[in-house]
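Protein chains in written order, with my numbering: chain Y, 39 to 531; chain U, 707 to 935.
Built from N, CA and C at the ideal position, the CB exists for glycine as well.
Since the structure comes first, as structure tokens, the remarks are kept for the end.
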């Protein structure tokens, strides 16, 4: 598994973004569950070789694709990993009548990092440490939860479970041994050499993991869309699915399994509280580095200044998901630093500490830039004067530079606080999306947008998020103005 | 009154790379009060910055009262906070976040001393104001007071009263002259005002186009030589 796959699994958090530009004539846009990323293009190539209409694919979690389709994405075919989402589209009259087909099945398996102890069944799981699942409202996460509930171990495991975004993200955590095991689809496990399948969850009682294909009512070429759905059901597709580890259902058509797990609705209060705590901690932790680096960059010339400045500012432009990945590499429990911290009782991944570190790193560039600007606005003449009055640099820094730059330092703190509030990408990779310990407002909104019935709660959080951010920016503006006034005081005779 | 013989004068011979040229300044004097006059832009303020120790680009030699302050060969560099100069830069630059009283007491002077100095410079009614509520001339007087209160071993004044009208200007110049004479504090004045220079300094130098030389009529005493480069 590489960085790209991880980013693919975790990066998308504006689910209503249209996945592609409007379909060109004579191509079909296929929205498909991300667990089909490897197999569908192979089937599509085969279909095109046989003279089918050219295809384009957009892969993502079904829970993100379905709202996209409903929001008017110009797509033709939908392939879902979850029956619930097909029904969701059906009741909205977004599917072509009678076009829904079951095209493949998958299996839920428990994987461990290679070399780790392999539990032989669900009953062994409470003896393990941390277990990763996909997000509660992502199909793979829902299936996994249902399987653990069915095995009677859910309540004992609840504290050991960390949740992330997609199955691919879970697989990455297992492959890097950040967790002791995780629940993924068999097909994903096969594709990842660094994990071992310990056991499979398939039992008669569980709802089967089924892939449903349907033609979308919005299709501009409904005949071709229906035709491709039929092709997915055919023999050529079946052998391609089998080669990738999928199962082919013996009986066609949707079958009703036992009730699906209800959508998970994150706690609003917990998300807001956590956001404030994490952002506040990140701002406090960042104060000394931001003032130190801001001062260094504003007042000193030294070899490697450009390098220092570049490294500090890098998180501003590096995608947060990538920053999270690098932090996980640096601070994960497989790293020397992470192991040392764990020895001190400071576990970084999947904890508030991890969320704080992610917010700190991503917020630091704005912090430093703001503080640096504040120091640069202070005329060095004041510091020089203070020296000549017998006050050495360190005391001058305390008595002159800091007080004169104070509004700007405060503005930087507020900006870093605001950025920390909005942090998502690095947090979800480093700290996961764990209710009550790392699920901040941004992550809660992300979780809710994947739940079919989560829109009401979403608006509460969206409101809170926008209000907090605007309030912070307002404070920033006011303090910046004050900083400009402060250093303008005494000049000009 | 301290005897003038106690002061052994000062000399400097430095080069300062400015952005467009290298400024070379060289002079030596044994007088306690010296004025440097000349057109603006000639480097007069830079000379004061060198003596104050805040001109970090300067290389060469500075000797004040027999003590090397800057001596690249001997490696002696007396830091600005170790020099005990009272520097009043041209911009007057009061610390904007401090009141007049706090500015005056910045170097550790007592409240009583601060009030006394403020009275001397006729700013005692402004003690609790912030610098931004002062006129240019008031700021200059507070800045001079702050420098005097630092118990300077060398007073450096850069156009100290330029924002004042003539009668008050001369009066305050005389006040400061009296203050330094009473205490035997050496003084370097930078100005392009002849009257300031007459009142405050016994010896006048002229700096123009990079050339620093004694003005005619106030020739340096024997043993004092100026070189121009």
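Fill in: Opposing strand residues paired with residue 208(Y) [DSSP bridges]
DSSP output for residue 208(Y) lists no bridge partner at all.
Discussion item. Could you tell me the alpha carbon to alpha carbon distance between residue 64(Y) and residue 306(Y), rounded to whole angstroms?
Written reply: Each residue's alpha carbon lies about 46 angstroms from the other.
Worksheet item: Where does residue 41(Y) fall in DSSP's three states?
Response: Confidence at residue 41(Y) is low in this model, with a pLDDT of 45, below 50, so its placement is unreliable and no value can be given for it.
Practice prompt. Can you give me, in chain order, the residues of the stretch 420-444 of chain Y that have a beta carbon less than 7 angstroms from any beta carbon in chain U?
Written response: From the stretch 420-444 of chain Y, only 420, 422, 423, 425, 426, 427, 428, 429, 430, 438, 441 and 442 have a Cβ closer than 7 angstroms to chain U.
Worksheet item: Under 7 angstroms between C-beta atoms, does residue 748(U) make it to chain Y?
Response: No, residue 748(U) lies away from the interface with chain Y (no Cβ there is under 7 angstroms from its Cβ).
Discussion item. Less than 7 angstroms between the C-beta atoms of residue 251(Y) and residue 141(Y), yes or no?
Written reply: Residue 251(Y) places its beta carbon less than 7 angstroms from that of residue 141(Y).
Worksheet entry | Best match in 333(Y), 341(Y), 418(Y) and 201(Y) for proximity to residue 525(Y) [C-alpha to C-alpha] | Per the Cα distances, 418(Y).
Worksheet entry | Chain-ordered chain Y contacts of residue 867(U) [CB-CB under 8 angstroms] | None at all; the shortest Cβ gap to chain Y is about 11 angstroms.
Discussion item. Within 10 Å of its beta-carbon, does residue 291(Y) have 16 or more other beta-carbons around it, so buried, or fewer, so exposed?
Written reply: Model confidence at residue 291(Y) stands at a pLDDT of 43, short of 50, so the residue's coordinates are unreliable; what they give is reported in the following sentence. It counts as exposed.
Worksheet item: Mind pulling the chain U residues with CB within less than 9 angstroms of residue 524(Y)?
Response: Under the 9 angstroms cutoff, chain U gives 802 and 803.
Worksheet item: CB-CB under 6 angstroms to residue 521(Y), same chain, minus the five flanking residues each way: which ones, in chain order?
Response: Within its own chain, the residues whose Cβ lies closer than 6 angstroms to the Cβ of residue 521(Y), once the five positions on either side in sequence are excluded, are 412, 445 and 446, listed in chain order.
Discussion item. Suppose you measure from the CA of residue 807(U) to the CA of residue 844(U); what does that come to, to the nearest Å?
Written reply: If you draw a straight line from the Cα of residue 807(U) to the Cα of residue 844(U), it comes to about 13 angstroms.
Practice prompt. Assess, as a yes-or-no matter, whether the stretch 885-900 of chain U is touched by the stretch 753-761 of chain U under the definition of 3 or more beta carbon pairs within less than 8 angstroms.
Written response: Touching, yes, given that three or more Cβ pairs across the two stretches are closer than 8 angstroms.
Worksheet entry | Alpha carbon of residue 81(Y) to alpha carbon of residue 270(Y), nearest angstrom | Residue 81(Y) and residue 270(Y) have their C-alpha atoms roughly 8 angstroms apart.
Worksheet item: By the criterion of Cβ-Cβ separation under 9 angstroms, what are the contact partners of residue 741(U) in chain Y?
Response: By Cβ distance, chain Y contributes nothing, its closest Cβ being about 20 angstroms from residue 741(U), past 9 angstroms.
Discussion item. In this structure, how does DSSP classify residue 719(U) when only helix, strand and coil are distinguished?
Written reply: DSSP, reduced to helix, strand and coil, places residue 719(U) within a strand of the structure shown.
Worksheet item: DSSP state of residue 831(U), grouped into three classes?
Response: Residue 831(U) falls in the helix class under three-state DSSP.
Worksheet item: With residue 487(Y) and residue 496(Y) assumed to form a contact (beta carbons below 8 angstroms), what rounded beta-carbon distance in angstroms separates them?
Response: Contact flag correct, Cβ pair sits at about 6 angstroms.
Worksheet item: Taking the alpha-carbon positions, what's the residue 802(U) to residue 885(U) distance?
Response: A straight line joining the alpha-carbon of residue 802(U) with that of residue 885(U) spans about 27 angstroms.
Fill in: Rounded C-alpha distance that separates residue 914(U) from residue 748(U)
Each residue's Cα considered, the two are about 5 angstroms apart.
Discussion item. Quick check: residue 482(Y) and residue 462(Y), are their CB atoms within less than 7 angstroms of each other?
Written reply: No, Cβ-Cβ distance for residue 482(Y) and residue 462(Y) is not below 7 angstroms.
Worksheet entry | Alpha-carbon to alpha-carbon, residue 222(Y) and residue 150(Y) | So the two alpha carbons sit approximately 10 angstroms from each other.
Fill in: Inter-residue Cα distance where the pair is residue 143(Y) and residue 284(Y)
Approximately 6 angstroms between the Cα atoms of the pair.
Practice prompt. Tell me residue 864(U)'s beta-bridge partners as DSSP assigns them.
Written response: According to DSSP, which records beta bridges pairwise, residue 864(U) is partnered with 896(U).
Worksheet item: Under 7 angstroms Cβ-Cβ, which residues of chain Y neighbour residue 793(U)?
Response: Neighbours of residue 793(U) in chain Y, taken as residues at a C-beta separation under 7 angstroms, are given in chain order as 423 and 426.
Worksheet item: Whose Cβ in chain Y lies nearer than 8 angstroms to the Cβ of residue 851(U)?
Response: Within chain Y, no residue has its beta carbon less than 8 angstroms from that of residue 851(U); the closest one is some 12 angstroms off.
Worksheet item: Would you call residue 888(U) buried or exposed, if buried means 16 or more other Cβ atoms sit within 10 Å of its Cβ?
Response: Residue burial is scored here from C-beta neighbours: residue 888(U) has fewer than 16 other C-beta atoms within 10 angstroms and is therefore classed as exposed.
Worksheet entry | Same chain, Cβ closer than 7 angstroms to residue 820(U), neighbours up to 5 away in sequence not counted | Counting only Cβ-Cβ distances below 7 angstroms, and skipping sequence neighbours, we find 807, 810, 811 and 855.
Practice prompt. Give the single residue among 425(Y), 330(Y) and 314(Y) whose Cα lies nearest to the Cα of residue 502(Y).
Written response: The candidate whose alpha carbon is nearest that of residue 502(Y) is 314(Y).
Worksheet entry | Touching by the beta-carbon criterion (3+ pairs, under 8 angstroms), the stretch 428-438 of chain Y and the stretch 320-332 of chain Y | Counting Cβ pairs under 8 angstroms, fewer than three are found: no touch.
Discussion item. Is there a C-beta anywhere in chain Y that falls below 7 angstroms from the one on residue 760(U)?
Written reply: Using a Cβ-Cβ cut-off of 7 angstroms, residue 760(U) counts as an interface residue toward chain Y, since at least one Cβ of chain Y sits closer than that to its own.
Discussion item. Considering only the alpha carbon of each residue, which of 97(Y), 127(Y), 364(Y) and 397(Y) lies closest to residue 453(Y)?
Written reply: Ranking 97(Y), 127(Y), 364(Y) and 397(Y) by Cα distance to residue 453(Y) puts 397(Y) first.
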